[in-house]
Ligand code: ARG
């Protein structure tokens, strides 16, 4: 299995794998050192490395004798948190210190893997008060030696069943993986909201799909969506699951790569209501939704689409609230993130970011992110990265949903290559005090 990304950007794993020869070893040492320094400098985690010189010596000799090194638990914990903090596209990263780290580095059987993942789903849901959780499976020993991967994009994700006349029941983004699972014997009721089974890949070998949701064994914790002021919207039967648990990104800490480390935060309403349910190549519900709200859909310049979008987003937030499940809205999260940027600035630290992801897909100009300049410089020693999908019996499955044009990230550069005259992330003075 090749860890390097064909699709190159600072958000993809570096094509020069840290495992390749002497150059790789030097690169690994450089990244290990950069991480160690960040940890030592941290006002909280710094105390967990009492003797930096000693730890650095150990790491270097471990790299020289084994080609890699192992993190102790405290490094693993701080590293995965720091990787979150370094995620330029995440608007929720001011919560970075709250990440709960589950150590699954000893996992070596399918049963164990499944039980770690079930535990993750339940710990993250936490009765509705969503917890931020990561479960870290073993590190890659070399670019060919990857202990665990998963073909799924997220731990909970709806299947997409292809039907006659090009129609799809469920999420069109899941069609290929759904077909594969059915071919492998997955026997399920076809509904628009059927969670996909898990396709785990152990050392390059795909296990038969496991359906943890079958027979109510594990709940996807999904929530019915309706607008309190438009009762007819209930009849559309819309729903969405409570927690997005990303399973296909690689975690890198100080140069060490963990190819399978599912993680989650909580949802932002717009991710579901302004994208998953609305995008023409996803659930595409805007028109029937508008009709069920009694909005006339004849004149585009009457802005029926925008009106319907606002109603759908109100419904999403109200439905999660009624179910007692944590969800953010773009105003509250946008403001909290901006306040964090300002607090960081006061400490002399710049918050880099990717404007195109931090600005929400609706009402952009109402949020501080729209008005801020972000330097998109990417810290590469410790971060979450896109990686090529695992091979599953010769096939690969990718979520196209995440591969929008924004992935090209033409304005992103690795931290080492920031052009000298590049402006700092900044917001005008008047606006700054508005969102203080
Ligand atoms: N946008 C993705 C989805 O709708 C989830 C990405 C991660 N989101 C998050 N709030 N942590 O499923």
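Numbering (this note's numbering), first residue to last: 212 to 647. Each residue gets a CB set at the ideal place from its N, CA and C atoms; glycine is no exception. Keep in mind it's a predicted model, so treat the numbers as computed, not measured.
*Is it the case that the Cβ atoms of residue 596 and residue 461 are separated by a distance below 8 Å?*
For the purposes of this step, residue 596 is identified with residue 385 of the chain shown, where counting begins at 1. For the purposes of this step, residue 461 is identified with residue 250 of the chain shown, where counting begins at 1. Yes.
*May I ask you to list the residues that DSSP assigns as paired with residue 588?*
Mapped onto the chain shown, residue 588 falls at position 377. Partner(s): 624.
*Taking only runs that begin and end inside the region 246 to 288, name each unbroken alpha helix (DSSP H) of 4 or more residues, in chain order.*
263 to 277
*For residue 587, count neighbouring C-beta atoms within 10 Å of its own C-beta (all shown protein chains included) and say buried if the count is 16 or more, exposed if not.*
Counted from its first residue, the chain shown places residue 587 at position 376. It is buried - the Cβ of residue 587 has at least 16 other Cβ atoms within 10 Å.
*Please report how far the alpha carbon of residue 550 lies from the alpha carbon of residue 457, in whole angstroms.*
The residue labelled residue 550 in the question sits at position 339 within the chain shown. The residue labelled residue 457 in the question sits at position 246 within the chain shown. Each residue's alpha carbon lies about 26 Å from the other.
*Around the Cβ of residue 630, are there at least 16 other Cβ atoms within 10 angstroms (buried) or fewer (exposed)?*
Mapped onto the chain shown, residue 630 falls at position 419. So residue 630 counts as exposed.
*Under 8 Å, do residue 464 and residue 282 count as touching if we go by C-beta distance?*
The residue you call residue 464 lines up with position 253 of the chain shown. The residue you call residue 282 lines up with position 71 of the chain shown. Cβ atoms of residue 464 and residue 282: closer than 8 Å.
*asked:* At 3 residues or longer, what runs of the beta strand (DSSP E) sit wholly inside the region 289 to 346?
replied: 311 to 314
*With distances taken between CB atoms, is the gap from residue 384 to residue 493 smaller than 8 Å?*
Along the chain shown, one-based indexing puts residue 384 at 173. Along the chain shown, one-based indexing puts residue 493 at 282. Yes, the pair counts as a contact, with Cβ atoms nearer than the cut-off.
*asked:* Taking 8 Å as the threshold (C-beta atoms), are residue 499 and residue 541 in contact?
replied: Here residue 541 refers to the residue found at position 330 when the chain shown is read from its first residue. Here residue 499 refers to the residue found at position 288 when the chain shown is read from its first residue. Contact flag unset, no.
*How many Å lie between residue 236 and residue 446 at the Cα?*
To locate residue 236, count along the chain shown from 1; it is residue 25. To locate residue 446, count along the chain shown from 1; it is residue 235. For residue 236 and residue 446, the distance between alpha carbons rounds to 59 Å.
*Should the region 367 to 375 be regarded as contacting the region 336 to 347, the criterion being three or more beta carbon pairs within less than 8 Å?*
no
*asked:* Below 7 Å, is the gap between the Cβ of residue 483 and the nearest heavy atom of the ligand ARG?
replied: Position 272 of the chain shown, counting from 1, holds the residue named residue 483. It does: the Cβ of residue 483 is within 7 Å (strictly closer) of some heavy atom of the ligand ARG.
*Which of the three DSSP states, helix, strand or coil, is assigned to residue 562?*
Taking the chain shown and counting its residues from 1, one reaches residue 562 at position 351. Coil.
_For a minimum of 4 consecutive residues, which ranges assigned as the alpha helix (DSSP H) are wholly contained in the region 509 to 545?_
515 to 534
*Close beta carbons around residue 314, own chain, < 7 Å, minus the five adjacent residues each side*: Here the question's residue 314 lines up with position 103 in the chain shown. Cβ neighbours of residue 314 beyond the five flanking positions: 284, 287, 347.
*Hey, would you say residue 369 sits closer than 8 Å to residue 382, going by beta carbons?*
Mapped onto the chain shown, residue 369 falls at position 158. Mapped onto the chain shown, residue 382 falls at position 171. Going by C-beta atoms, residue 369 is nearer than 8 Å to residue 382.
*Cβ of residue 597 within 7 Å of any heavy atom in the ligand ARG?*
In the chain shown, residue 597 corresponds to position 386, counting from 1. No, since every heavy atom of the ligand ARG falls outside the 7 Å radius drawn around the Cβ of residue 597.
*Cβ shell of residue 516 (< 7 Å), same chain only, five flanking positions each side left out*: Position 305 of the chain shown, counted from the first residue, corresponds to residue 516. If we look at residue 516 and ignore the five residues flanking it on each side, its Cβ neighbours are 497.
_Assess contact between the region 314 to 334 and the region 294 to 302, defined as three or more Cβ pairs (one per stretch) separated by less than 8 Å. Is contact present?_
no
_Limits of the beta strand (DSSP E) - the one that residue 435 falls within_ = On the chain shown, residue 435 is found 224 positions in, with the first residue counted as 1. Run containing residue 435: 433 to 435, per the beta strand (DSSP E) assignment.
*Identify whether residue 629 lies in helix, strand or coil by the three-state DSSP scheme.*
Counted from its first residue, the chain shown places residue 629 at position 418. Coil at residue 629, not helix or strand.
*Alpha carbon of residue 448 to alpha carbon of residue 503, nearest angstrom*: Residue 448 sits at position 237 when you count from the first residue of the chain shown. Residue 503 sits at position 292 when you count from the first residue of the chain shown. Taking the straight line joining both Cα atoms gives about 11 Å.
_Enclosing beta strand (DSSP E) for residue 462 [first to last residue]_ = Within the chain shown, numbered from 1, the residue matching residue 462 stands at position 251. Taken as a continuous stretch (DSSP letters only), the beta strand (DSSP E) holding residue 462 covers 461 to 464.
_Check this for me: beta carbons of residue 279 and residue 352, under 8 Å apart or not?_
Taking the first residue of the chain shown as position 1, residue 279 is located at position 68. Taking the first residue of the chain shown as position 1, residue 352 is located at position 141. Going by C-beta atoms, residue 279 is nearer than 8 Å to residue 352.
*Do three or more CB pairs link the region 597 to 613 to the region 352 to 365 at distances below 8 Å?*
yes
*Give the secondary structure of residue 606 by DSSP, where H, G and I count as helix, E and B as strand, and everything else as coil.*
Stepping through the chain shown from its first residue, residue 606 is reached at position 395. DSSP places residue 606 in strand when its eight states are reduced to three.
*Going straight from the alpha carbon of residue 626 to that of residue 224, what length do you get?*
Along the chain shown, read from residue 1 onward, the residue named residue 626 stands at position 415. Along the chain shown, read from residue 1 onward, the residue named residue 224 stands at position 13. Going by the C-alpha atoms only, they are around 14 Å apart.
*Excluding the five sequence neighbours on either side, which residues of its own chain have a C-beta within less than 8 Å of the C-beta of residue 413, listed in chain order?*
For the purposes of this step, residue 413 is taken as residue 202 along the chain shown, with counting starting at 1. If we look at residue 413 and ignore the five residues flanking it on each side, its Cβ neighbours are 321, 324, 358, 359.
*Which parts of the region 398 to 427 are runs of the alpha helix (DSSP H), unbroken and 4 residues or longer, counting only runs that do not cross its ends?*
none
*residue 421 versus residue 611: straight-line alpha-carbon distance, rounded*: The residue given as residue 421 occupies position 210 in the chain shown. The residue given as residue 611 occupies position 400 in the chain shown. The straight-line gap from Cα to Cα measures roughly 23 Å.
*Measuring CB to CB, does residue 522 end up less than 8 Å from residue 441?*
For the purposes of this step, residue 522 is taken as residue 311 along the chain shown, with counting starting at 1. For the purposes of this step, residue 441 is taken as residue 230 along the chain shown, with counting starting at 1. A contact, by the Cβ cut-off of 8 Å.
*Using only the heavy atoms of the ligand ATP, determine whether one of them is closer than 7 Å to the beta carbon of residue 446.*
Among the ligands present in this structure, namely the ligand ARG, the ligand ATP is not found.
*State the beta-bridge partners of residue 381 as determined by DSSP.*
If you number the chain shown from 1, residue 381 lands on position 170. Per DSSP, 371.
_Helix, strand or coil, according to DSSP, for residue 642 in the structure here?_
Against the chain shown, residue 642 aligns to sequence position 431. Here residue 642 sits in helix by DSSP.
*Can we count residue 494 as close to the ligand ARG, meaning its CB is less than 7 Å from some heavy atom?*
Numbered from its first residue, the chain shown carries residue 494 at position 283. It does not: the Cβ of residue 494 is nowhere closer than 7 Å to a heavy atom of the ligand ARG.
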